[in-house]
Amino acid sequence: MSPHGTYFWCCWPQLVGDPTAAPDLLSLPLLPWPMADSPQDCEDPNPLIRALAVRTMGCIRVDKITEYLCEPLRKCLKDEDPYVRKTAAVCVAKLHDINAQLVEDQGFLDTLKDLISDSNPMVVANAVAALSEIAESHPSSNLLDLNPQSINKLLTALNECTEWGQIFILDCLANYTPKDDREAQSICERVTPRLSHANSAVVLSAVKVLMKFMEMLSKDLDYYGTLLKKLAPPLVTLLSAEPELQYVALRNINLIVQKRPEILKHEMKVFFVKYNDPIYVKLEKLDIMIRLASQANIAQVLAELKEYATEVDVDFVRKAVRAIGRCAIKVEQSAERCVSTLLDLIQTKVNYVVQEAIVVIKDIFRKYPNKYESVIATLCENLDSLDEPEARAAMIWIVGEYAERIDNADELLESFLEGFHDESTQVQLQLLTAIVKLFLKKPTETQELVQQVLSLATQDSDNPDLRDRGYIYWRLLSTDPVAAKEVVLAEKPLISEETDLIEPTLLDELICYIGTLASVYHKPPSAFVEGGRGVVHKSLPPRTASSESTESPETAPAGAPSGEQPDVIPTQGDLLGDLLNLDLGPPVSGPPLATSSVQMGAVDLLGGGLDSLIGGPNFVAPPATTVPANLGASMGSGLSDLFDLTSGVGTLSGSYVAPKAVWLPAMKAKGLEISGTFTRQVGSISMDLQLTNKALQVMTDFAIQFNRNSFGLAPAAPLQVHAPLSPNQTVEISLPLNTVGSVMKMEPLNNLQVAVKNNIDVFYFSTLYPLHILFVEDGKMDRQMFLATWKDIPNENEAQFQIRDCPLNAEAVSSRLQSSNIFTVAKRNVEGQDMLYQSLKLTNGIWVLAELRIQPGNPSFTVRVPAPALPAPGCLPPSSGQPFLPSLLPRLGVSSDGVRSSPARLEPLGTWHE
């Protein structure tokens, strides 16, 4: 081909322009010329000519010419020159956009996948870029089916690519989910050098990969801390670029510090505003300063903010004043200092400063009620200078909320009422509520005022929101003033700095889009990209256990049956090991645990003193017990009796139910409070939960998981919260449990570690469950077996307890304990003492024997619990007798304070199978 031909191929895209706008213009006169030459040009000795030819044909985006392109493209994809292959790889994506079916039929996609294994890194990068673009336009296709082998090839090519090639590969890596934390760490180690790249886009793409894979790393790992330290310098370096790049970097950093503030917690000074920063950079830096504010640096931050509040830029000053209020809300220890700083700013009498200060002080009052009311007098002095709706509404709220502490509150509100129709809707609504509050606090003095505002709101207003609120207040006040007081003056939920954060689920998605427009807009691509592209929702990978965890990766999740239970598990393991690896699907039910035969001894260490249990002059057989039929039946039939605790018998079978206790306070769970108790009813164990939303946002998507525990307790069904949990709403749920989960000995034995997930976060807590929920209904041992077993246990292996202040007689004790599946095998009277011999069986097949001595008229009982010297194979021994007895005391009406034990005799109890 002549040099003129080469020039033609270079200029052809410009000559054609946009062929899709008028495809008919390319029909006969012009099109055949280049297309007729294209086959021989794609075989030209010069690789530049071959690449330009296929590139130009790909630029002619008209369906009519695709038949000319297929054969040359196939040859170029297998060309010996890497420059031609990388150009052809991009051409496949262009052809796919014109005719996707043709590309699939011609096998170009398979060829493109093969190029990922190419020896040239640029060919690999372009193949990845083409496949990624095709996959975005066709989300249902699984083109980038990555595996450890292909990931290794991409990481190898990463070091030798151009900067844009590195970005393509890093973006592809970000879409991969490693199989475990070790693979995630290996990828992070090989991506970390990209943080020192001169191109900011490469740096942000590397940060995206690291932020995503850090989710899979345990915080206990040394490498995790090292990675945090390595992430800070490149992010700081980005802030030395041009203002436009600074802004993009700051928007991404804003997301990063919301997800992991510890990365930049020591870099506060980097975000201090410079005098020559553009306003958009200043405002973004200010926002990040607040997110990084802590008790350690709050003094430094407040000094800076106070300086910013004296600047000349009005928007910046407003943001600075509001930032002071956010500091007070976020760092409680700094609240008093922040309020003092705001009062100093109010004294400047600068109108917009005063108004912003009043707005943020209102928020401080909501965060710390009844704490800083001494500043109200100063605020009231500036009442006449307020002309902005938000500031006027804030001042009205303060007057209404603290009307009982303001002598002339009625006069202040009446001054606003004079121009009621000229006020904005925000002020009108706030004024209506404030006057109703004032009336409820001072009814005799403000009757005319409330009548006037209700009339203005309902009769003279065209605003439906204002009119509806007015009617609600009017009817409340006229029908039930007490109810009105409870509604209007109800305790308000505390606000928090977290209300300004991005919703956690959205934040996780945006972290996956670091370095793109989504991270600048702080919106997912689906919110601003039209058409089919960008609609796939991404999310961070699930957190896994540490690679140093003692747990085996083959261990079944909580709630799933394991093929074989371990004999004895000596260590507790890592608390978060299982809880962070949440499998939130419904647990799988499994077969019941098998039990083994009783180990019998031949030595009569009791000297025949218990022979009378089999029959004798003093023997009294206990009343026959009826084991409830259908032990696995539904719990629904007994729900009406679950909370009947007046007699200490709460459920259908009479098992004791402890009152609900707060397991997870709202302050530790971002507004979610969890209370609960455990019940056993007709053979079924339940966790009765009470969920209360004390936050300001709706809670949804609830799920629950248990860590491995001593008795294999696990949810038998998903946590069902059928409707979103609105603020201040409480819902009660009965969660059925089974005992087929994974087993691990806990300290104490009845410790249960729980993870609860919702749309906000995952929260963790631990609680102690009463052991009596594990006592099964067939726990009455045969008398012959009881005697033989008791004789088999050395008398030095026993635990003795004293139960004090229990006014029950032997019959009442036997009846009360039987309701909790503690059965009296035999009863006798020795020297005026009633001796009750009792047995119970736990859900894992462990038997427990006990002797209860009751002296009529004496409120103190003695309990003797024997234990074998060694545990039988295949069972999980309790650590001591201590957890056993307190679980029985509530059935006897005795608190655990009445227990006295004999420390020298606290050996493992009941560690043998049926």
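The numbering used here applies: residue 342 is where the sequence shown begins, and numbers increase by one.
Even glycine gets a Cβ: it sits at the ideal position worked out from N, Cα and C.
{"Asked": "Neighbourhood of ILE1195 by C-beta, 6 Å cutoff - its chain only, sequence neighbours within 5 removed", "Found": "ALA1151, ASP1175, PHE1202"}
{"Asked": "Nearest-angstrom Cα separation, counted from GLY1053 out to ASN1079", "Found": "8 Å"}
{"Asked": "Coarse secondary structure for GLY1024, derived from DSSP in three states", "Found": "coil"}
{"Asked": "Beta-carbon proximity of THR428 to ASN467, cut-off 9 Å", "Found": "yes"}
{"Asked": "Distance between LEU496 and LEU1005 (C-alpha atoms, nearest Å)", "Found": "44 Å"}
{"Asked": "Cβ-Cβ separation, LEU633 to VAL598 (assumed contact under 8 Å), whole Å", "Found": "6 Å"}
{"Asked": "Residue from GLU1088, LEU1037, TYR1105, GLN1031 whose Cα sits closest to the Cα of LYS1009", "Found": "TYR1105"}
{"Asked": "Distance CB(LYS1001)-CB(ASP1102) smaller than 9 Å", "Found": "no"}
{"Asked": "Three-pair Cβ contact test at 8 Å for the region 558 to 568 versus the region 833 to 853", "Found": "no"}
{"Asked": "Which of helix, strand or coil DSSP assigns to LYS783", "Found": "coil"}
{"Asked": "Length at least 3, wholly inside the region 1147 to 1209: the beta strand (DSSP E) runs in chain order", "Found": "1164 to 1171, 1174 to 1182, 1187 to 1195, 1202 to 1207"}
{"Asked": "Between the CA atoms of LYS626 and ASN461 - distance to the nearest angstrom", "Found": "42 Å"}
{"Asked": "Three-state secondary structure (DSSP) of ILE1134", "Found": "coil"}
{"Asked": "Sub-9 Å separation of MET630 and PHE612 beta-carbons", "Found": "yes"}
{"Asked": "Of the listed residues ASN1099, ILE1114, THR1033, nearest to PHE1019 (C-alpha basis)", "Found": "ILE1114"}
{"Asked": "Run of the beta strand (DSSP E) containing ASN1079, from where it starts to where it stops", "Found": "1071 to 1079"}
{"Asked": "Continuous alpha helix (DSSP H) stretch holding ASN1092: start and end", "Found": "Here ASN1092 belongs to no alpha helix (DSSP H); instead the beta strand (DSSP E) covers 1092 to 1098."}
{"Asked": "Nearest-angstrom Cα separation, counted from VAL829 out to ILE747", "Found": "19 Å"}
{"Asked": "Expected contact under 8 Å - CB spacing of ALA525 and ILE510 to nearest Å", "Found": "At roughly 17 Å, the Cβ-Cβ gap does not stay under 8 Å, so ALA525 and ILE510 are not in contact."}
{"Asked": "DSSP state of GLU729 mapped onto helix, strand, coil", "Found": "coil"}
{"Asked": "Option in LYS520, VAL469, SER1180, ASN516 with minimal Cα separation from ASP1123", "Found": "SER1180"}
{"Asked": "Exposure of LEU1158, with buried meaning 16 or more beta-carbon neighbours within 10 Å", "Found": "buried"}
{"Asked": "Contact the region 812 to 823 vs the region 842 to 856: 3+ CB pairs below 8 Å", "Found": "no"}
{"Asked": "Opposing strand residues paired with ALA1055 [DSSP bridges]", "Found": "ASN1079"}
{"Asked": "Beta-carbon contacts of GLU1014 that lie in its chain and below 7 Å, excluding the five residues immediately before and after", "Found": "VAL1003, LEU1005, PRO1006, ALA1007, THR1033, LYS1035"}
{"Asked": "First and last residue of the uninterrupted beta strand (DSSP E) at ALA640", "Found": "Looking at the DSSP string, ALA640 is not in any beta strand (DSSP E); the run it does join, the alpha helix (DSSP H), is 639 to 649."}
{"Asked": "Short Cβ contact (9 Å threshold) for PRO388 with ASP422", "Found": "yes"}
{"Asked": "Rounded straight-line distance, which links the Cα of LEU720 to that of ILE699", "Found": "7 Å"}
{"Asked": "At least 3 beta-carbon pairs within less than 8 Å: the region 860 to 871 vs the region 530 to 543", "Found": "no"}
{"Asked": "Through-space distance from GLN507 to LYS494, alpha-carbon basis", "Found": "13 Å"}
{"Asked": "Anticipated Cβ contact below 8 Å, PHE1116 with ASN1162, distance rounded", "Found": "4 Å"}
{"Asked": "Buried or exposed by the 16-neighbour rule on C-beta atoms within 10 Å, applied to ILE604", "Found": "buried"}
{"Asked": "Rounded Cβ spacing between ALA650 and LEU686 (contact assumed at less than 8 Å)", "Found": "6 Å"}
{"Asked": "8 Å contact criterion, which ALA775 and TRP738 should meet: CB distance rounded", "Found": "6 Å"}
{"Asked": "Boundaries of the alpha helix (DSSP H) in which PHE1043 is found, first to last residue", "Found": "Taken as a continuous stretch (DSSP letters only), PHE1043 belongs to no alpha helix (DSSP H), as it is neither H nor E."}
{"Asked": "Supposed close pair CYS417, VAL395 - CB separation, criterion 8 Å", "Found": "5 Å"}
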